[in-house]
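K.L.:
The structure that follows is given in the form of structure tokens.
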Amino acid sequence: MAIKSKPRVKVPSEAKAGEIVEIKTLISHEMETGQRKDSTGKTIPRAIINKFTASFNGKTFFEADWFTSVSANPYQAFFYKASESGEFTFTWKDDDGSEQTASAKLTVA
1 MAIKSKPRVK VPSEAKAGEI VEIKTLISHE METGQRKDST GKTIPRAIIN KFTASFNGKT
61 FFEADWFTSV SANPYQAFFY KASESGEFTF TWKDDDGSEQ TASAKLTVA
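For the sequence shown, counting from 1, position 9 maps to 9 in the UniProt record's numbering; every step adds exactly one.
Right, here's the structure in full:
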């Protein structure tokens, strides 16, 4: 299943140098485990987002490997220590190789 939904990210637009900011992400996805059966008794193939990556100005600072136990519509929150202005890039990768990205800018005053 290709990732079709637009991810949502919540990043403060401004922060002071050295401030720790919370980043929240959410993406709509069924996260099918491959353990359920359809109405005809056939196993529904596994289709999950298996990798989440967060980068700032091109440098990865957070990665998460997700498995079948992650619920539908995965939410991920984490913290980042602001030191310079720049752009965050968030990437979700699916089992079939498809990707969805989102970005947000942060200004450090």
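Ideal placement from N, C-alpha and C gives every residue a C-beta, glycine not left out.
1. Can you check whether the CB of residue 35 is closer than 9 Å to the CB of residue 89?
2. For residue 49, list the residues DSSP reports as bridge partners.
3. For residue 10, write down the residues that DSSP places opposite it in a beta bridge.
4. Mind reading off the beta-carbon distance from residue 95 to residue 47? Whole number of angstroms is fine, and I expect it under 8 Å.
5. Measuring only the C-alpha atoms, how far is residue 87 from residue 79?
6. Reducing DSSP to helix, strand and coil, say where residue 101 ends up.
P.N.:
So, from the listed chains and residues:
1. One-based indexing of the sequence shown puts residue 89 at position 89. One-based indexing of the sequence shown puts residue 35 at position 35. No, they are not a contact pair.
2. Position 49 of the sequence shown, counted from the start, is the residue given in the question as residue 49. Paired residues: 94.
3. Taking the first residue of the sequence shown as 1, we reach residue 10 at position 10. Note: residue 10 sits in a beta bridge opposite 24.
4. By one-based count along the sequence shown, residue 95 stands at place 95. By one-based count along the sequence shown, residue 47 stands at place 47. Between residue 47 and residue 95 the Cβ distance is about 6 Å, and since that is below 8 Å, they are a contact.
5. In the sequence shown, residue 87 corresponds to position 87, counting from 1. In the sequence shown, residue 79 corresponds to position 79, counting from 1. Going by the C-alpha atoms only, they are around 15 Å apart.
6. Here residue 101 refers to the residue found at position 101 when the sequence shown is read from its first residue. DSSP places residue 101 in strand when its eight states are reduced to three.
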